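Inspection log for the structure reproduced underneath, given as structure tokens.
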Amino acid sequence: DAGITQSPRYKITETGRQVTLMCHQTWSHSYMFWYRQDLGHGLRLIYYSAAADITDKGEVPDGYVVSRSKTENFPLTLESATRSQTSVYFCASSVGDWPQHFGDGTRLSIL
Amino acid sequence: SQELEQSPQSLIVQEGKNLTINCTSSKTLYGLYWYKQKYGEGLIFLMMLQKGGEEKSHEKITAKLDEKKQQSSLHITASQPSHAGIYLCGAVQMDSSYKLIFGSGTRLLVRP
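Dropping the structure here:
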């Protein structure tokens, strides 16, 4: 089925470890986004991509790395996880000015 | 930087009652999206408002954009338990129409 899928849905890891969150969309949308959602902060943009091989920082990029070698995939990597990165992460995609479509999220806990 | 403030932060209403959620921007609104999030799930797009004075409706939900007040309101008529969730507003950024900044959300609970 067409859509946007995130994996894993839940992840527990330890501080200092590297962890990658996956995002895959089947619409061939040009834009993709990563957000984190924390109580009291709403959704904050981490990184976004306007097309394959084009990425840019959002509001809270520190500690995160992204890549986009293919239009449909936009993985987010925490190179050395910290407790402050415990959050719910959402991936979204869109076509230009049209509404962003969101995945179901990855709940990440860092111990 | 632009900030969006949603009010109220949480709301409990009896089924059948009407309710309004507000989203106020610290800067000019160039476009406003409303999303609904069910607990533990992703965001579902509800409506997009692009022009001052614009009003859109879907089923029992109506959203309005007041450019002068830099505010949007979401009104639910005759609420149902299925309306429960978190409602988030997202504003289009002046420098890029595809990036959004979000409010912190309004949690709605509808009691049967």
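Protein sequence lines, in the order shown, are assigned to chains A and B. Just so we're on the same page, the numbering used here is the position in the first sequence counted from 1, plus 1199. Just so we're on the same page, the numbering used here is the position in the second sequence counted from 1, plus 24. We put the beta carbon where it would ideally sit given N, CA and C, even for glycine. All values derive from a computational prediction rather than experimental measurement.
Along chain B, in chain order, which residues have C-beta atoms closer than 8 Å to that of A:HIS1300?
-> PHE69
Straight-line gap, A:ASP1303 to B:GLN94 (C-alpha atoms, nearest Å) | 30 Å
Check the Cβ of B:LEU124 against every Cβ in chain A and list those closer than 7 Å, keeping chain order.
-> Against chain A, the beta carbon of B:LEU124 has neighbours under 7 Å at GLN1299, listed in chain order.
Return the Cβ separation of A:TRP1233 and A:LEU1277 in integer angstroms, given the expectation that the two are a contact with Cβ distance under 8 Å.
-> Going by Cβ atoms, the distance from A:TRP1233 to A:LEU1277 rounds to 11 Å, so no, they are not a contact pair.
Return the CA-CA distance between A:GLY1257 and A:SER1229, expressed in angstroms with no decimal places.
-> 17 Å
What number of angstroms, rounded off, separates the C-alpha of A:THR1225 from the C-alpha of A:TRP1297?
-> 16 Å
Near-chain B residues of the stretch 1280-1294 of chain A - C-beta to any C-beta below 7 Å | If the cut-off is 7 Å between Cβ atoms, the stretch 1280-1294 of chain A has PHE1289, SER1293 near chain B.
Could you give the DSSP three-state label for A:GLN1284: helix, strand or coil?
-> Three-state DSSP puts A:GLN1284 in a helix.
Give the interface partners of B:SER128 over in chain A, defined as CB-CB distance under 7 Å, in chain order.
-> GLY1239, HIS1240, GLY1241
Residues of the stretch 38-69 of chain B with a CB closer than 9 Å to any CB of chain A: list them in chain order, please.
-> Correct list: GLY55, TYR57, TYR59, GLN61, GLY64, GLU65, GLY66, LEU67, ILE68, PHE69.
Could you give the C-beta distance for B:LYS51 and A:TYR1247, rounded to a whole number, given that I count them as a contact under 8 Å?
-> Contact doesn't hold; Cβ gap of about 20 Å is too wide.
Using a threshold of 9 Å, state whether the C-beta atoms of B:LYS41 and B:SER103 are closer than that.
-> Yes; because the gap between Cβ atoms is below 9 Å, this pair is in contact.
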